[in-house]
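Trainee: Just passing along the structure, written as structure tokens.
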Amino acid sequence: MGADALTDFDGALEARLERLDNSVVEFERYKSSHYIGVCTATYNIQVMRRLLPGMIFAVPNFRSDAKQRYTLFELVGFRPVHFGAAAITADTLPEIRKEVFEKVRYEWVKGSKAAYIQFTGNPINYDLIVDGSEYSFERGWSFPLLGGEVSFLTESSISHLINNGLPTDSPTIAKLISHEGVNVKVDAYALTSYHVGVFAYTGGGKSNLVSHLIRTVMNSTPTTKVVVFDVAGEYSVNLADIMLSEAYESLLLIEEEVLSADQLSSRFTLPKGFAGEVATSVNTFAEALIRRKRVSKVAEHKLYARHLETRVTYNDVAEMISEKIDYYADKKNATLKVLLIGVLGQLSSFIKQRNLGWENPVGAELSEFIQGLNVDLSQKPMQNLMTDMRVIADSVNRQPDKEAYWEGFSDSQLVNLLNDPAGVRLVVVSFTDVSRLRRFAANVCTRVLQFRKSRFRKDPPVFFVFDEAQELIPKEARDDDGTRYSSYAIEQLLRQGRKYGLGGLIATQRLAYLNTNVLQQIHTYFVGTLPRPYDRTTISDQFAVDPTIVDKTLELQSGEWLLSSYSATGVRNMPMFITTPNNEETVIETLKKLSA
Numbered sequence: 001m002g003a004d005a006l007t008d009f010d011g012a013l014e015a016r017l018e019r020l021d022n023s024v025v026e027f028e029r030y031k032s033s034h035y036i037g038v039c040t041a042t043y044n045i046q047v048m049r050r051l052l053p054g055m056i057f058a059v060p061n062f063r064s065d066a067k068q069r070y071t072l073f074e075l076v077g078f079r080p081v082h083f084g085a086a087a088i089t090a091d092t093l094p095e096i097r098k099e100v101f102e103k104v105r106y107e108w109v110k111g112s113k114a115a116y117i118q119f120t121g122n123p124i125n126y127d128l129i130v131d132g133s134e135y136s137f138e139r140g141w142s143f144p145l146l147g148g149e150v151s152f153l154t155e156s157s158i159s160h161l162i163n164n165g166l167p168t169d170s171p172t173i174a175k176l177i178s179h180e181g182v183n184v185k186v187d188a189y190a191l192t193s194y195h196v197g198v199f200a201y202t203g204g205g206k207s208n209l210v211s212h213l214i215r216t217v218m219n220s221t222p223t224t225k226v227v228v229f230d231v232a233g234e235y236s237v238n239l240a241d242i243m244l245s246e247a248y249e250s251l252l253l254i255e256e257e258v259l260s261a262d263q264l265s266s267r268f269t270l271p272k273g274f275a276g277e278v279a280t281s282v283n284t285f286a287e288a289l290i291r292r293k294r295v296s297k298v299a300e301h302k303l304y305a306r307h308l309e310t311r312v313t314y315n316d317v318a319e320m321i322s323e324k325i326d327y328y329a330d331k332k333n334a335t336l337k338v339l340l341i342g343v344l345g346q347l348s349s350f351i352k353q354r355n356l357g358w359e360n361p362v363g364a365e366l367s368e369f370i371q372g373l374n375v376d377l378s379q380k381p382m383q384n385l386m387t388d389m390r391v392i393a394d395s396v397n398r399q400p401d402k403e404a405y406w407e408g409f410s411d412s413q414l415v416n417l418l419n420d421p422a423g424v425r426l427v428v429v430s431f432t433d434v435s436r437l438r439r440f441a442a443n444v445c446t447r448v449l450q451f452r453k454s455r456f457r458k459d460p461p462v463f464f465v466f467d468e469a470q471e472l473i474p475k476e477a478r479d480d481d482g483t484r485y486s487s488y489a490i491e492q493l494l495r496q497g498r499k500y501g502l503g504g505l506i507a508t509q510r511l512a513y514l515n516t517n518v519l520q521q522i523h524t525y526f527v528g529t530l531p532r533p534y535d536r537t538t539i540s541d542q543f544a545v546d547p548t549i550v551d552k553t554l555e556l557q558s559g560e561w562l563l564s565s566y567s568a569t570g571v572r573n574m575p576m577f578i579t580t581p582n583n584e585e586t587v588i589e590t591l592k593k594l595s596a
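Here the sequence shown is numbered in the UniProt record's numbering, starting from 1 and rising by one per residue.
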């Protein structure tokens, strides 16, 4: 069995790889094909009881020599099959049907040679290499031996696989549903730097998970600052322990002067598990925030025309187009790739004709370039590109206003705070006016990025959290409600921010309504239950996940998630079904201590 790497369930498993089927998955803009391993096992009720989606099984492959090599598959589905039951048809007499099914029911428990188990798995593109008592994992696809014996990875080898290569101090964020004893760890710096998405329907536990991730990041990366743009007023309470911690400085920013604890607590949205003494203790929590001076009114900016004040260069525009070219090349969409290369070529010619350089700031002439573009705009991604360039053109044609604030905490102060290695580490921005929150977020994101780029600064790391992201980065953005500017500012932050220590997390229940350019920047995603088929299709399309795996999220309970990451986990882009800690337990404990 290869040291402690593999198990046959104490001899209960007798299984072989029967065949490899070729599965073609049609995404929105391209097709993808991969193998599906189909295996059969001698029927054993103990095996049936132990199988769970997400388990990893191994089949010997052709690359074995002195070292035994196995191709690894992730278990997707399984079912028991009985030849007696399969022989029953609609024309079978009732008496015979009854007799057969009585026998079948008995044999499911006692066992039968007329039954077997069929299970399927997707390749995870890793090999297990066993050398005597040692084992290791190597990325890549190796063709397995048809008819080869099937074994499953043990808890210790799965833990080694999914946490392989992570820093030794990597925090644990969850446990595998298929193996409760296996901790799932992440590289906290990679998690924040390469951006995170949390997608689940209302009641799926989004704010619970996001709060857990924020706490994990703050506890494991001592210099990272976090700013939460809180549309629903949930995170002050969900992060109560950090908001009141002596170890961290924190700040709640709201748009009105606080006159009493009752007034402040009325703004909070409480988790559904809060009741009785815990709910009433929220007023005590509000008093503590006021007493410790951790609440401030945001200054009212007289005009918000500065939200795109940053000096965008032609190199920034070219980089935006190049990233789209790379994206559609990966998606194997040759048409869009050629169209975008054409736009980039026309931009290069335009710059030469105007005697400009790539490092020159974009000027009013960009509007002329857009008007003179000779390109097919019938496809939506090309229309989105034109919108992005028009936003840039509009911003440079607008004269920035002078600093003009009413009394309060200004966005300039927040920008300085986020760029200062010392001081406040957690900021929650909670406005009841969503339009104002959009403009405030656009200002802060743009100016922090501008500051970092102009000084080539990466420290301190800042983690931007955008809850109810459909309000800030919608697919259909408009001028009148500020979504056009918040969407553009956040897109630029996620597109360029990782070079300057700026990362982001977006959380939403309406994934299909989001700016797809933002979704393209996400490397780590958590998916809960999404009842709408179009939202699940968007997950499959944007992150190249087999739709059958995404559909299994319909079976998840609150606190259970599908996790996959290109950069933050030990195994790249392998879907894992996990269960995360309940954030409410931490908050309830904090509030009870506060009221004691």
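All residues carry an ideal CB built from backbone N, CA and C; glycine is no exception. Just so we're clear, the structure is a prediction, and the values are computed from it rather than from any experiment.
Taking just the CA atoms, how far does Glu560 sit from Val59?
Mentor: Approximately 29 Å between the Cα atoms of the pair.
Trainee: So, at 7 Å on beta carbons, what are the nonlocal neighbours of His307 in its own chain, with the 5 sequence-adjacent residues on each side left out?
Mentor: Note that His307 scores 41 on pLDDT, short of 50, meaning its location in the model is unreliable; the coordinates nonetheless yield the value given after this. Closer than 7 Å at Cβ, skipping near neighbours: Arg439, Ala442, Asn443, Thr446, Tyr485, Ala489.
Trainee: Less than 8 Å between the CB atoms is what I'm expecting for Val226 and Ala507, so what's the real figure, rounded?
Mentor: Not really, about 14 Å apart at Cβ, beyond 8 Å.
Trainee: At which residues does the alpha helix (DSSP H) containing Met243 begin and terminate?
Mentor: Note, Met243: alpha helix (DSSP H), 240 to 243.
Trainee: Buried or exposed for Asp376, going by 16 or more other Cβ atoms inside 10 Å?
Mentor: Flag for Asp376 reads exposed.
Trainee: Any Cβ of chain B within less than 8 Å of the Cβ of Gln346?
Mentor: The chain labelled as chain B is not found in the depicted structure, where only one protein chain is given.
Trainee: Is it true that the CB of Val465 sits closer than 8 Å to the CB of Val295?
Mentor: Going by C-beta atoms, Val295 is not nearer than 8 Å to Val465.
Trainee: For Glu255, which three-state DSSP category applies?
Mentor: It is coil, neither helix nor strand.
Trainee: Alpha carbon to alpha carbon, how far is Lys185 from Gly54?
Mentor: When rounded, the distance between both Cα atoms is 16 Å.
Trainee: For Lys302, does the three-state DSSP call read helix, strand or coil?
Mentor: Its pLDDT being 42, under 50, Lys302 is placed unreliably by the model, and the measurement read from it follows with that caveat. Of the three classes helix, strand and coil, the one that applies to Lys302 here is coil, per DSSP.
Trainee: For Met320, which three-state DSSP category applies?
Mentor: DSSP places Met320 in helix when its eight states are reduced to three.
Trainee: Among Ile254, Lys453, Thr432, which residue has its Cα nearest to the Cα of Glu471?
Mentor: The candidate whose alpha carbon is nearest that of Glu471 is Thr432.
Trainee: Between which two residues does the beta strand (DSSP E) containing Phe451 stretch?
Mentor: Element bounds for Phe451: not the beta strand (DSSP E) but the alpha helix (DSSP H), 434 to 455.
Trainee: Applying the 10 Å Cβ sphere with the 16-neighbour rule, what's the burial state of Gln520?
Mentor: It counts as buried.
Trainee: In terms of DSSP beta bridges, what is Thr548 paired with?
Mentor: BP columns for Thr548 are empty, so no partner.
Trainee: Counting beta carbon pairs with one atom in the stretch 556 to 572 and one in the stretch 530 to 538, are three or more of them shorter than 8 Å?
Mentor: No, the stretch 530 to 538 does not touch the stretch 556 to 572.
Trainee: Could you spell out the range, first to last residue, of the beta strand (DSSP E) harbouring Ala190?
Mentor: No beta strand (DSSP E) contains Ala190, which is instead part of the alpha helix (DSSP H) from 188 to 193.
Trainee: Let me know if Trp406 comes out buried or exposed under the rule of 16 or more other beta-carbons within 10 Å of its beta-carbon.
Mentor: Reliability fails at Trp406, whose pLDDT of 41 lies under 50, so the model's placement of it is uncertain and the value that follows must be treated cautiously. Classification for Trp406: exposed.
Trainee: Can you tell me whether DSSP reads Gly49 as helix, strand or coil?
Mentor: One point to set straight first is that residue 49 is Arg, not Gly, in the sequence displayed. Reduced to three states, the DSSP call for Arg49 is helix.
Trainee: Can you check whether the CB of Ser142 is closer than 8 Å to the CB of Asp127?
Mentor: Yes, Cβ-Cβ distance for Asp127 and Ser142 is below 8 Å.
Trainee: With burial defined as no fewer than 16 other Cβ atoms inside 10 Å of the residue's Cβ, what is the status of Val109: buried or exposed?
Mentor: When all chains shown are included, Val109 counts as exposed.
Trainee: Report all residues from its chain with a CB closer than 6 Å to the CB of Thr216; omit the five preceding and five following residues, and keep chain order.
Mentor: Here the set comprises Pro171, Ile173.
Trainee: If you reduce the DSSP assignment to three classes, tell me which class Tyr35 lands in.
Mentor: Strand.
Trainee: Leaving out five residues on either side along the sequence, give the residues of the same chain with a beta carbon under 6 Å from the beta carbon of Lys593.
Mentor: Correct list: empty, nothing qualifies.
Trainee: Mark Phe456 as exposed unless 16 or more other C-beta atoms lie within 10 angstroms of its C-beta, in which case mark it buried.
Mentor: Label assigned to Phe456: exposed.
Trainee: Are the beta-carbon atoms of residue 634 and Leu347 separated by less than 8 Å?
Mentor: This structure leaves residue 634 out entirely; the chain is present only between 1 and 596.
Trainee: Please state the DSSP three-state secondary structure of His179.
Mentor: It is coil, neither helix nor strand.
Trainee: Quick one, are the C-beta atoms of Thr590 and Asp241 less than 8 Å apart?
Mentor: Their beta carbons are under 8 Å apart, which means Thr590 touches Asp241 by this criterion.
Trainee: Could you give the DSSP three-state label for Asn122: helix, strand or coil?
Mentor: Note: Asn122 maps to strand in three-state DSSP.
Trainee: State the DSSP-derived secondary structure class of Leu511, mapped to helix, strand or coil.
Mentor: Reduced to three states, the DSSP call for Leu511 is helix.
Trainee: Does the separation of the CB atoms of Leu146 and Ile56 fall below 8 Å?
Mentor: Cβ distance not < 8 Å, so Leu146 and Ile56 don't count as in contact.
Trainee: Could you check which residue in Pro222, Val76, Asp169, Glu323 has the C-alpha nearest to that of Leu562?
Mentor: Ranking the options by Cα distance to Leu562, first place goes to Val76.
Trainee: Sort out for me which residues DSSP pairs Asp480 with in a bridge.
Mentor: Answer is none; Asp480 lacks a bridge partner.
Trainee: Over the uninterrupted beta strand (DSSP E) stretch that includes Leu426, give me the two end residues.
Mentor: Start and end: 426 to 430.
Trainee: I'd like the list of long-range same chain contacts for Val47, defined as Cβ closer than 7 Å, with 5 residues on each side in sequence excluded.
Mentor: Hits under 7 Å: Phe9, Ala12, Leu13, Ala41, Ile117.
Trainee: Compute the beta-carbon to beta-carbon distance between Thr269 and Ser595, rounded to the nearest angstrom, for a pair I have assumed lies under 8 Å.
Mentor: Incorrect: roughly 20 Å between the Cβ atoms, too far for contact.
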